[in-house]
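Residue numbers (the numbering used here), protein chains in the order written: chain C, 323 to 431; chain H, 2 to 587.
We put the beta carbon where it would ideally sit given N, CA and C, even for glycine.
Beneath this line is the structure, given in structure tokens, with notes to follow.
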Amino acid sequence: MRTKTVKRRASGIQRRREKLWQLRLYVAGQTPKSLAAFSNLKRICETHLNGCYSIEVVDLIDQPELSRGDQILAIPTLVRKLPQPVRKIIGDLSDTERVLVGLDLRPAN
Amino acid sequence: MKNNLQRPTRSAVCLPKCPTGIHGLDEITNGGLPRGRPTLVCGGAGCGKTLMAMEFLVRGAVQFGEPGVFMSFEETGGELKSNVASLGFDLAGLVRRRKIVLDYVYIERSEIQETGEYDLEGLFVRLNHAIDSIGAKRVVLDTLEALFAGLPNEAILRAELRRLFRWLKEKGVTAVITAERGREQLTRHGLEEYVSDCVILLDHRVHDQIATRHLRVVKYRGSLHGTNEFPFLIGEDGLSVLPITSLGLNHKVSGERVSTGIPRLDAMLGGRGFFRGSSVLLTGTPGTGKTSVAAHFAQAAAQRGDRVLFFSFEESPNQIVRNMRSIGLRLELPVERGLLRFHSARPTLCGLEMHLATMFREIATFKPAVVIVDPITSLLVAGTDSETKGMVTRLIDFLKGERVTSFFTSLTHGGHALQQSEIAMSSLMDSWLLLQDFEGNGERNRVLYVLKARGMAHSNQVREFLISNRGIDLVDAYIGPSGVLTGASRVAQAAREKAEALAGQQDASRRKRELERKRSTLEQQIAGLRSEYECEELELRRLDNQAGARTQVLTAERSELSRLRHADGIRAWAGKPGKTQTKDQR
Numbered sequence: 323m324r325t326k327t328v329k330r331r332a333s334g335i336q337r338r339r340e341k342l343w344q345l346r347l348y349v350a351g352q353t354p355k356s357l358a359a360f361s362n363l364k365r366i367c368e369t370h371l372n373g374c375y376s377i378e379v380v381d382l383i384d385q386p387e388l389s390r391g392d393q394i395l396a397i398p399t400l401v402r403k404l405p406q407p408v409r410k411i412i413g414d415l416s417d418t419e420r421v422l423v424g425l426d427l428r429p430a431n
Numbered sequence: 002m003k004n005n006l007q008r009p010t011r012s013a014v015c016l017p018k019c020p021t022g023i024h025g026l027d028e029i030t031n032g033g034l035p036r037g038r039p040t041l042v043c044g045g046a047g048c049g050k051t052l053m054a055m056e057f058l059v060r061g062a063v064q065f066g067e068p069g070v071f072m073s074f075e076e077t078g079g080e081l082k083s084n085v086a087s088l089g090f091d092l093a094g095l096v097r098r099r100k101i102v103l104d105y106v107y108i109e110r111s112e113i114q115e116t117g118e119y120d121l122e123g124l125f126v127r128l129n130h131a132i133d134s135i136g137a138k139r140v141v142l143d144t145l146e147a148l149f150a151g152l153p154n155e156a157i158l159r160a161e162l163r164r165l166f167r168w169l170k171e172k173g174v175t176a177v178i179t180a181e182r183g184r185e186q187l188t189r190h191g192l193e194e195y196v197s198d199c200v201i202l203l204d205h206r207v208h209d210q211i212a213t214r215h216l217r218v219v220k221y222r223g224s225l226h227g228t229n230e231f232p233f234l235i236g237e238d239g240l241s242v243l244p245i246t247s248l249g250l251n252h253k254v255s256g257e258r259v260s261t262g263i264p265r266l267d268a269m270l271g272g273r274g275f276f277r278g279s280s281v282l283l284t285g286t287p288g289t290g291k292t293s294v295a296a297h298f299a300q301a302a303a304q305r306g307d308r309v310l311f312f313s314f315e316e317s318p319n320q321i322v323r324n325m326r327s328i329g330l331r332l333e334l335p336v337e338r339g340l341l342r343f344h345s346a347r348p349t350l351c352g353l354e355m356h357l358a359t360m361f362r363e364i365a366t367f368k369p370a371v372v373i374v375d376p377i378t379s380l381l382v383a384g385t386d387s388e389t390k391g392m393v394t395r396l397i398d399f400l401k402g403e404r405v406t407s408f409f410t411s412l413t414h415g416g417h418a419l420q421q422s423e424i425a426m427s428s429l430m431d432s433w434l435l436l437q438d439f440e441g442n443g444e445r446n447r448v449l450y451v452l453k454a455r456g457m458a459h460s461n462q463v464r465e466f467l468i469s470n471r472g473i474d475l476v477d478a479y480i481g482p483s484g485v486l487t488g489a490s491r492v493a494q495a496a497r498e499k500a501e502a503l504a505g506q507q508d509a510s511r512r513k514r515e516l517e518r519k520r521s522t523l524e525q526q527i528a529g530l531r532s533e534y535e536c537e538e539l540e541l542r543r544l545d546n547q548a549g550a551r552t553q554v555l556t557a558e559r560s561e562l563s564r565l566r567h568a569d570g571i572r573a574w575a576g577k578p579g580k581t582q583t584k585d586q587r
């Protein structure tokens, strides 16, 4: 099964960066972890990115060859393609603080 | 009881094996790695884990038609290709022909942020995809421990690894997993917990500045395997574990004899030389001509049409050929004909096992009938005494198994005490020749003994060993009341004896002449006496005849007288006194 959701909101109230946030979420089938990750991601993006982002969900069951490109081992993995540098966040994204650190939205302390 | 004994054998046969194609490893493991199960290869840095795994894969693809997946966590595909290209593996070509898939897994902890529950399904998907894309039968994971460095949550990782190995088994692929050696356990992260079917330990030890690699099958569930530590080396054509499985004494023997190339030496060895496939040790002090004997043996073998492999640890091939030309041996001819091959190396070049492995490989490729090692003692510097003995044992067993006649020279230092050190080695040998120096009368001479020659009548005599520009010759040493004489003193002794013999001969003929003269004198005397006697006899006979005639005449006269006197003849004749009376009266 393949889920592809692209969301774009051009007019954010608090635009953090001028650039577009390009995110890719790798899952393998609709496992509870994958579903949790997706909903967590959406929630975080809504809250912190406020619009200017895109999420691509890649299901490796359907496209196993894509796992090589982003060096995916763990599922689920969120890859921040843009802005550079590439960051990887693994897990179901339930720890919001760490997701924000991982996405570079908050400095690690 | 009987069943119990039979069961392991049967299971060893039944357990399907996956041949690695690596020299020697299949012998040690009785046929290869367990098919369809994961095998753990562990060892320290630089042990050859990656190479072994890669060779398993490449040989699988090339020799056994089993495609493979190499999942690397450390080196990129390009790096791997260039690394193994030096070993003659055309990895790029195999990848192009879809025999092998190289998958480089990059994992960097600093780029990863962990945010909750996860699993390694991505790795599974990726591996699964790679396996299915070429129908792989073999998988290598090199090395999974990079995951421990890259992923923070060890609990999840361990659970996932357990799942991974189970999954690999279900998938039915034969997997090789490499892991770094740990301090107290086999692997740094205890991977042996998960991979329990077969564990191979690689080791790289340095002893006296010489490094040697070792391989040991720690565990092989459900199969017989060699448990010893086996040396192995990484050579020009990959890995080879030393084929030392046949340490039994069950090689076939030959009754055929081969000449030593020195006729008198053949004569000392029951007239026909060594047995084919036997081992010969030649010990001697420096400069006694060991290499020359070896060269004679080599030349004789080449003349028979046998292939000869000459391992030299002291001289270069050209030097040997040049030096042997001075004693009338033209070794370049068999070299040109491809019957004689030299292999020269300094003993310190590498460890003992490396030498042994190189020799095994040379022997396996050249397939000689005669192998000469000159001198075996040079290898002592590359290992300890026991190691050398072990190595020589293996070498001899290997050569005997191949029915190769082996000739080892051994350098001893002067004196009898040091000859003892050879005893350990000599017990392995079938024949033992000893070359010795004799010093005296301002010169130095060589003598040769046959100390032992199993299975043949051999001379117990010492022979003087001469090297001339026509080669080696053995002559009888002079053995007399003053001991063994060699060289000039032997020649002097021979001259003295000749002179004595001549003098004796002359003396005898003189005495004979004298006797002859005496005899002729005596004979002359005898002849003189005889003629004298004959004269006397003649005279005597003449006198006798005269006397006879006179008697007759007297009788005739008397009878005439009596007739004339008319005497009574009868009376006169009958009565002698009368007659005498008459006579006297007259």
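- Residues of chain H whose Cβ lies closer than 9 Å to the Cβ of Leu-371 (chain C) do not exist, since the nearest Cβ in that chain is about 16 Å away.
- Among the CB atoms of chain C, one or more fall inside 8 Å of the CB of Thr-116 (chain H).
- A distance of 8 Å or more separates the beta carbons of Leu-234 (chain H) and Arg-217 (chain H).
- Under the rule that a run must span 3 or more residues, the beta strand (DSSP E) segments found entirely inside the segment 480 to 506 of chain H read 484 to 486.
- Among the CB atoms of chain C, none fall inside 8 Å of the CB of Tyr-195 (chain H).
- Beta-bridge annotation (DSSP): Ile-108 (chain H) is not paired with any residue.
- In chain order, Thr-116, Gly-117 make up the part of chain H whose C-beta sits under 7 Å from the C-beta of Asp-417 (chain C).
- The CB of Ser-389 (chain C) comes closer than 9 Å to the CB of Gly-123, Leu-124, Val-126, Arg-127, His-130 in chain H, given here in chain order.
- Residue contact with chain C for Glu-112 (chain H): present (Cβ-Cβ distance below 8 Å to some residue of chain C).
- At least one beta carbon of chain H lies nearer than 8 Å to the beta carbon of Lys-410 (chain C).
- Closer than 8 Å to the CB of Asp-104 (chain H) there is at least one CB belonging to chain C.
- Taking one beta carbon from each stretch, the segment 112 to 120 of chain H and the segment 65 to 76 of chain H have fewer than 3 pairs nearer than 8 Å; the two do not touch.
- Runs of the alpha helix (DSSP H) spanning 4 or more residues and lying entirely within the segment 323 to 408 of chain H occur at 333 to 337, 353 to 367, 386 to 402, in chain order.
- Taking a contact to require three or more Cβ pairs closer than 8 Å, the segment 370 to 383 of chain C and the segment 346 to 354 of chain C qualify as touching.
- As the crow flies, the alpha-carbon of Ala-359 (chain C) is around 52 Å from that of Glu-28 (chain H).
- For Asn-446 (chain H), the uninterrupted beta strand (DSSP E) run begins and ends at 444 to 454, by DSSP.
- A distance below 6 Å between beta-carbons, with the five flanking residues on each side excluded, links Phe-314 (chain H) to the following residues of its chain, in chain order: Pro-348, Ser-379.
- Counted as a single uninterrupted DSSP element, the alpha helix (DSSP H) harbouring Ala-131 (chain H) occupies residues 122 to 135.
- Contacts with chain C at 8 Å (Cβ-Cβ) do not include Ile-364 (chain H).
- By the Cβ criterion, the segment 259 to 273 of chain H is not in contact with the segment 387 to 401 of chain H, since fewer than three pairs of Cβ atoms, one from each stretch, lie closer than 8 Å.
- For Leu-58 (chain H), the nearest beta carbon of chain C is not closer than 8 Å to its own beta carbon.
- Distance from the CA atom of Lys-401 (chain H) to the CA atom of Lys-291 (chain H), rounded to whole angstroms, is 22 Å.
- Under the Cβ criterion of 8 Å, Gln-393 (chain C) is counted among the residues facing chain H.
- Identification of chain C residues near Tyr-107 (chain H) by a Cβ-Cβ cut-off of 7 Å yields Gln-393, ordered along the chain.
- Secondary structure at Ile-527 (chain H): helix, using DSSP grouped into helix, strand and coil.
- Leu-165 (chain H) does not reach chain C, its nearest Cβ partner there being about 11 Å away, counting only Cβ pairs nearer than 7 Å.
- Any Cβ of chain C closer than 8 Å to the Cβ of Leu-152 (chain H) would place that residue at the interface, and such an atom is present.
- Contact note: Asp-120 (chain H) reaches chain C through Lys-355, Ala-396, Ile-397, using a C-beta cutoff of 8 Å and chain order.
- With a threshold of 8 Å between beta carbons, Val-421 (chain C) makes contact with chain H.
- Annotation: Arg-184 (chain H) is outside any beta strand (DSSP E) and is labelled neither H nor E by DSSP.
- Cβ atoms of Val-294 (chain H) and Ala-303 (chain H) stay farther apart than 8 Å, at about 15 Å.
- Here Arg-497 (chain H) is exposed, its C-beta having fewer than 16 other C-beta atoms within 10 Å.
- Annotation: the continuous beta strand (DSSP E) that includes Arg-464 (chain H) extends over 464 to 469.
- The alpha carbon of Met-457 (chain H) has as its nearest neighbour, out of H:Lys-138, H:Ala-156, H:Gly-256, the alpha carbon of H:Gly-256.
- Distance check between Lys-172 (chain H) and each of H:Arg-38, H:Lys-519, H:Asp-398 places H:Arg-38 closest, using alpha-carbon atoms only.
- Here DSSP, grouped into helix, strand and coil, assigns Gly-79 (chain H) to helix.
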